[in-house]
Structures are given as C-alpha cells and as structure tokens.
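Quick mapping for you: the protein sequence lines, in order, are chains A and B. So for the first sequence, our numbering puts the first residue at 1; every next one is plus one. So for the second sequence, our numbering puts the first residue at 1001; every next one is plus one. One structure is given below, encoded as structure tokens.
Protein chains: 2
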Amino acid sequence: MTRVTADVTFLRGYNEAMVMAVGRTARTFERSTVVEATGLTPQGVSKVIARLTADGLIRPAGVRRPGIGKPAVVYELVPDSRYAIGAHVARRTLRLVLVDLAGTVHPSAVSPLPRDFTPEQLLGALSAGIDTLAGIGDLRGRLTGLGIGMIGPLDHADGLVRDAHGLRHWHDVPLREIAEKHLGLPVHLDKDVTAGITAEAWRHGATFGDAALIMVESGIGGGFWLGGAAHRGAHTNAGEFGHTVVDLTGPRCVCGRHGCLEIVHHRAAEAGDIAHAARVLAVGVVNLLQTLDLAHVVLAGADLLRHPQTYLAAVTEAVGADARRADWLSTRVALSSLGADVIAAGAAMQVLDQHYGIPELAHS
Amino acid sequence: MTRVTADVTFLRGYNEAMVMAVGRTARTFERSTVVEATGLTPQGVSKVIARLTADGLIRPAGVRRPGIGKPAVVYELVPDSRYAIGAHVARRTLRLVLVDLAGTVHPSAVSPLPRDFTPEQLLGALSAGIDTLAGIGDLRGRLTGLGIGMIGPLDHADGLVRDAHGLRHWHDVPLREIAEKHLGLPVHLDKDVTAGITAEAWRHGATFGDAALIMVESGIGGGFWLGGAAHRGAHTNAGEFGHTVVDLTGPRCVCGRHGCLEIVHHRAAEAGDIAHAARVLAVGVVNLLQTLDLAHVVLAGADLLRHPQTYLAAVTEAVGADARRADWLSTRVALSSLGADVIAAGAAMQVLDQHYGIPELAHS
DNA sequence: AAAAATTTAGCAACAGCGTTGCGTAATAGG
DNA sequence: CCTATTACGCAACGCTGTTGCTAAATTTTT
C-alpha cells in the first residue's frame, strides 16, 4: 500500500510486517531471528511480537534450548487466523484458490466460463465459488478479501478493466467496484502475470531479488518483481513481453509489428517443434536479463507447463551459455512452484499483502 | 539509502526529504504546498521547515498575500548551501560538473584521458579537476561528495569496478574505496546510464513516473527509473539494452549472440543511413515500452546527439504508431535536457540524494 | 548440593516523532 | 473600529522504538 505521510503509525505497520515476513519465510522463528533481520533492539522486537500475539496472528510454539542460558521462545504464524481468496480469470475458465496467512495454497477449484462471458456472468461464478470455499470451515469472519488476476489491459489503481484482450463485454468495466458491492468483500484487481510473480515473491520473503515470471498461455506475458515490489509500469501495462520484436524480418503479428516473440514462438510451436519454440522463448528471456539483470526467472503458463522440461532446459542453457555472463552474474531459472495455481494464489497473496505486508511510502 | 530498521529517526529524514523534493521541483514553496504534498498537518510541516531552516538548507524568500488573511511565508532552497561534484568517466574523456542543492548544473570541464588509462591516472585527473572546481568559490566545506558515472560492469553496492568494458587495468578495482582515500571525499560509484536517468528524475521530483534513458555512445545502454528509484538489477548489471536480440537472423555481435540491437544499429549507422539506424533503435525502445510500460523515454549519448532530430523523430513516430497503444497509454519522448552533461550531473545528484533524498526502507 | 555464568525476557523511564488543542499575529472588508 | 479570515506556533499529548536495569531459566563450575 502506497502512502505519503510518514507518522509514527507507519513504523508500527512496517515493523509488524517485517516480523510477519520472517514468519512466513521461516515457518518458525524466535526473537533473536527478528532482531537480526530487522535491526531493532530485542526489547523493541518483544513489543512487536506482543502486539502480533494479541492480534492472534502469531503464537508461541515451544522453546529452543541452545545450550547454556534461558531457553528462547519459538513463535510461528497462525495460518488459519486469516485467509484470502484468489481468482484467476482466463478466457474460458475461472480458477479459485484459498490461501492462508502462511501462504499455503489450499486445493483449487476450476470452473468453466461461457465463451465471451459478461461481467454479470463472472460475478455469478465468483459468488458461487466463494460461497463454496468460504463455507468449508466457516471462514467468513477471517476472510480478508478477494484478489483477481486477469488478462489486461486493465488499471490496477482504479480497479478498472480497460479492454480485456479477446473478450467482448469488457470495455472500461469497473470490476473492483462492482465486485466489492456484489460480494461484500474487499477486492484487489491486477494483471495475471503480476499476480503470479507476487506469489513467488511472497513465499520467498524479503530476500527475494529482482525476478520475472514468464507465462506462456494463449500469448506470452511477463510479470516483474523489481526492487522489492511488483512492477506494473506507468499504466499497469507492463509485461507485454510477447510483443517485443526479436526478428525484424519475421512474420507480422496481430499487434501490427513484425517478428514479435509471440508470433515467432507460436509459429514454431504450431509446427510441432517445441524445442525450437522453447529456444525462441529463451532468446526473449536472455533479452530480459540483459535489460533488467534478474536474479530469478520463473516459468509458468498452461502451454509451457505441457512441456516443462523442454522449456526449462532451453532457458537454463541459454542463460548459462551467454558468453557475457561472468561467474558473479548468476540467475536462477525454475518452473513455478505453484504450477497452474500461481496466478490465483498470487492474487490472494496480494490481498493479504495489503493488510499484513510491508507498507510502501511515496514513490513515483 | 537503503536501511532496514524503522525507528522514529527514520521519519525525520523522510519528511525532511519530502520537503526538499518539493523545493527542488517548484523552486519556491510555502507551508500549504508541503501540507498538500505530504499529508502532514500544518503544525508538523512547521516543525520540519524549522529544522531545515536551522540547517541552512532552506530560507524564507518573501511572503505571498492571497487576499484576505495573514500572508503566507514563501520558502526556497538555498542552492549554494551544498554542492556535489559529478564525474563521467568514458573511454577517452573525463567530464566533471558541479551541481548545487537545487539541481543546477554549473559549467562542465572536459579533459582527455590516456588510452587504456590506469586507476592511478584516473585518480590524478579527478584530483586535479576537483581542486579546480572546488577552488572556484572555496566550496570545500559545502562539498557533499563525488559521484562517478562509469561504463560497467561494476558493482554499485560495493563500489567495485568489475571489468570496465574496453579498458585493460580495470579488473576488480575497488574504485570507491581508493578514491575516497585519495580524495578525502565520500564517493558514489554507479553505471553511467543509471546516473543519467537519476539526473532526469531528480530534477522532476516525486511525480516523475517510470522512465528510461537511452544512451547511444560507443554502444547502446539503458538506464531505468522504476517505482520511484533507479533500477540496477540483481548485480548492478541492468541496462545492457544494446545486447537484446532484435533480429534472430542478424549478424553476429561481439557478445556472441546474433542480431543484437547494437550490432544491427551499428551496421546501419556505419553505412551512413542514420534514419534507418534511428528506426532500429526505435524498435528497441518500443520493445522496452511493451515490457516495462514507461511514462518517459529520454534520449542521450554522444552518437545520438549528433543527429538529435532524426532520432527523436524516429522514436516518437514508432511510439505513436504502435497500433496497440490506446489513448490512455501515453509516453513522452524527449532529448536529454542536460545534453552531454547528463551522466556527470546525475552522478553528482546521486550523492546529494544520499544525504537529502528520500530514504528507502528494506527491499529485495 | 550450592554458587556462578550465561542467555532470554520484560518492566519502567526516556527521547523523538507527528498530532491535537488552542491562542496569537496579520491582513482585508464592512 | 470591529469582524471574518488565513497563517502560524506554543504546549501538552500519544505513539513509536530505545535505554537501563531487574528477573527468570538454564548449564557449568565449585
């Protein structure tokens, strides 16, 4: 959450969020862990821990006897103290997941959406799905909100779907507003790829470096985590990575330019040469590394995950083979640890992040 | 400045920096301006202004009578209260500028560097140049430090030049450390392009959105300003934008890949077809916009500035002609307002920013 | 078995920040 | 003159994390 004013209440939220991030990353932690991670004094950490314990967000979970001296109290998050629901709205399917405060993703539910579904139809599907999920353990009181990860273009700040690609009925729909009214829950709207990279970052905690999520699924998109936050760009339109030109003399793309990564990749995949398609994608990934210098690259998307090892091998090789990459310039390439749930899970985590994540002060 | 601990003293620096940013952007300001910009209470702003005035960083500059009521006191930065020196180290030249607290760039001095200059030779040139600049008005006491913008690869955090491209004698040189010792000044080391984009951002203030500086000068590089801060990447190696592939079947580049933006552009420029070269660059710029969704693109670099209008026209047209760009997706393209001084000036501003800029809390 | 050493934890007083309450100064208009 | 209006600051306050010091729990030493 971006704010401008820096008064003392900001410190409270910031330091509490730091402790929560430690708990999420490490499962269990103790006072000394937090002291090291935050630089606060032990007494200061005690106060923060006392507040979080009183709120029911963390709890003692035994003691640790490191040898001599009084044993240290070990704490853990209370996973079932808060939940959020995440939705991945694709062209033909709606995927819903339940995510708890610890970042655990509970079994997902996929339901079909009608071709060219309307906002009303989506709201109906969301409403039914949420009732089912929230009914499991009577979570209503502990439900923080709903996160929606969706194809763009859209405006994250205003909660507005501008013109969802390939869907009629979705021009300038104020989805966040109407969904909040319809569902009675706080709603967070973001691009699918941005939600996806948030999932990876949220689970890795504050030590997660600059990263990208590469998603191949009816198009190629990229979600970015830069400088400790999701990068959405000036108009929430970052990530149209598939429409970067990699072949000046290549075939014409639907976007009007020639030789976009997406069309070149698509032609290769269409011809059945997945290995070649994967190498094309890898060229695009290395382009990203040259431009942004990333520490992590995460691969995801239904089309990619049909041939996970082919893509993983091609990208890993291209990243490693780049002659300019010295030993100090390391990048880890991996498949999404959450598989097909990554978008929905990330959308849910963004909601939790608004409440229990590290607050941001003013920037651009 | 990145820090982790959030104690009350953080608020002090943050709010003071907010006021300084207002003063830098607006030249003159009053209490109500700051109240609006920061969300602080009027009384809170009074306290901040009192502290800054006592430090000599700002001063009253008259009153404004808006009609009825007590006149408001108008404040301004005291430009000559603090200075920083910026250095742009290129392959054959050293450019030095003096920048004051208000961001005004004072006349620059360019001196040649020997072919394949050594660290010692650079230190000598820096030392001589700084003595000349600092002697102008006996600035020694008000000199905040020296910023160095240099070709990479280098490590910004450690102040280490890893392997400056095209320069022997520059493998793993701890330039910041030895320069601080030699010159007796705090030194800040960064990639040239990153320093350049900082200059643009520093002058525009907090409202400056996501932006890139495209630099064409013995190679093509990019500096990025994302989310209110310079983006350096995981290893200070972001910006190798010239080595992104735009033509899969293109000529082999020095980096080993085929069809890099840099080699394709270079071939066109070499053939004398600047217009074509500019269009190639424009393709790369649009690639960036698709990926990062930028609000500003700034063009700079000696080779580019030899044909400023050709490049400006080509990039502006390519950005505007992209069929996918709707009316809400606006990007401003401009030539660097600081011309050839942009790198050196930005390096100096980074030093001022460390002391009087908005502090950052923990991130990646 | 008792004393010393070591580590963890918390109470109480404190310093520093912005906020709140309220009084004061300076101007224009009637 | 008096009043309305706007700008501004002193003093008290609430909230943060910090500092100083004491207590508790455990292992090691005597």
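Where a beta carbon is used, it is the ideal one built from N, C-alpha and C, also for glycine.
Residue i, DSSP secondary structure in three states
| i | result |
| --- | --- |
| A:W202 | helix |
| B:K1191 | strand |
| B:E1030 | strand |
| B:S1364 | Its pLDDT being 38, under 50, B:S1364 is placed unreliably in this model, and the value from its coordinates should be taken loosely. DSSP places B:S1364 in coil when its eight states are reduced to three. |
| A:R142 | helix |
| A:V235 | Before going on, a small fix: residue 235 of chain A reads as His here, not Val. Reduced to three states, the DSSP call for A:H235 is coil. |
| B:L1077 | strand |
| B:V1110 | strand |
| B:V1319 | helix |
| B:I1220 | strand |
| B:I1214 | strand |
| A:A340 | helix |
| A:D327 | coil |
| A:L154 | strand |
| A:A313 | helix |
| B:D1172 | strand |
| A:V351 | helix |
| A:F117 | coil |
| B:T1041 | coil |
| A:M18 | helix |
| B:H1276 | helix |
Residues sharing a beta bridge with residue i, DSSP
| i | result |
| --- | --- |
| B:G1256 | Partner(s): none; B:G1256 has no beta bridge. |
| B:G1086 | B:V1097, B:G1147 |
| A:A72 | A:R64 |
| B:R1059 | B:E1076 |
| A:R332 | A:H296 |
| A:A345 | Paired residues: none, contrary to the question. |
| B:V1105 | B:V1099 |
| A:W225 | A:A211, A:A230 |
| B:L1160 | B:D1155 |
| B:V1245 | B:C1260 |
Contacting residues, own chain, Cβ-Cβ under 8 Å from residue i (five flanking each side not counted)
| i | result |
| --- | --- |
| A:A17 | Y356, G357, I358, P359 |
| B:V1063 | P1071, A1072, V1073, V1074 |
| A:A229 | E360 |
| A:L312 | L299, V333, A334, L335 |
| B:L1294 | G1209, D1210, A1211, A1212, L1288, T1331 |
Residues of its chain near residue i, where Cβ-Cβ distance is below 6 Å and the 5 sequence neighbours each way are ignored
| i | result |
| --- | --- |
| A:R252 | H258 |
| A:A282 | A314, V315, A318 |
| B:A1021 | G1205, A1206 |
| A:T38 | M18 |
| B:V1173 | P1119, V1161 |
| A:L248 | G259 |
| B:D1341 | V1097, V1105, S1108 |
Cβ shell of residue i (< 7 Å), same chain only, five flanking positions each side left out
| i | result |
| --- | --- |
| B:S1032 | A1072 |
| A:A134 | R140, L143 |
| A:A238 | F224, H231, R232 |
| A:G56 | V78, S81 |
| B:P1042 | R1031, V1035 |
| A:R12 | none |
| B:T1009 | none |
| A:S364 | In this prediction, A:S364 has a pLDDT of 38, which is less than 50 and means its spatial position is unreliable; what the coordinates show is noted afterwards. Cβ neighbours of A:S364 beyond the five flanking positions: none. |
| A:A125 | L94, S111, L113 |
- Query: Residues in the segment 160 to 182 of chain A with C-beta within 9 Å of chain B's C-beta atoms, listed in sequence order?
  - Reply: Of all residues in the segment 160 to 182 of chain A, R162, D163 have a Cβ within less than 9 Å of some Cβ in chain B.
- Three or more beta-carbon pairs under 8 Å between the segment 85 to 103 of chain A and the segment 127 to 134 of chain A, yes or no? In short, these stretches touch, since the Cβ pair count reaches three.
- Query: Are the segment 267 to 286 of chain A and the segment 1310 to 1317 of chain B in contact at 8 Å, needing three or more beta carbon pairs?
  - Reply: With the cut-off at 8 Å, the segment 267 to 286 of chain A and the segment 1310 to 1317 of chain B do not touch.
- Task: Mind checking the segment 1198 to 1218 of chain B against chain A and listing, in chain order, the residues whose C-beta falls within less than 8 Å of any C-beta there?
- Result: Per Cβ criterion, the list reads A1206, T1207, F1208, G1209, D1210.
- Query: Taking a cut of 9 Å between CB atoms, which residues from the segment 1278 to 1310 of chain B lie near chain A?
  - Reply: Flagged, chain order: V1280, V1283, G1284, V1286, N1287, L1288, L1289, Q1290, T1291, L1292, D1293, L1294, A1295, H1296.
- Any 3 or more C-beta pairs closer than 8 Å across the segment 1344 to 1353 of chain B and the segment 1170 to 1189 of chain B: Here the segment 1344 to 1353 of chain B makes contact with the segment 1170 to 1189 of chain B; the two share three or more CB pairs at distances below 8 Å.
- Assess, as a yes-or-no matter, whether the segment 1167 to 1187 of chain B is touched by the segment 1215 to 1223 of chain B under the definition of 3 or more beta carbon pairs within less than 8 Å. Segment contact: the segment 1215 to 1223 of chain B against the segment 1167 to 1187 of chain B, fewer than three CB-CB distances shorter than 8 Å; contact not assigned.
- Item | Near-chain A residues of the segment 1017 to 1030 of chain B - C-beta to any C-beta below 8 Å | Flagged, chain order: M1018.
- Query: Along the segment 1234 to 1246 of chain B, what residues have a CB closer than 9 Å to any CB found in chain A?
  - Reply: Within the segment 1234 to 1246 of chain B, the residues whose Cβ lies closer than 9 Å to some Cβ of chain A are A1234, H1235, T1236, N1237, A1238, G1239, E1240, F1241, G1242, H1243, T1244, V1245, V1246, listed in chain order.
- Would you list, in chain order, the members of the segment 1120 to 1139 of chain B that have their beta-carbon closer than 8 Å to a beta-carbon of chain A? If the cut-off is 8 Å between Cβ atoms, the segment 1120 to 1139 of chain B has nothing near chain A.
- Message: If the cut-off is 8 Å on Cβ atoms, which residues from the segment 246 to 262 of chain A count as contacting chain B, listed in chain order?
- Response: Look at the segment 246 to 262 of chain A: the residues with a C-beta under 8 Å from a C-beta of chain B are V246, D247, L248, T249, G250, C255, G256, R257, G259.
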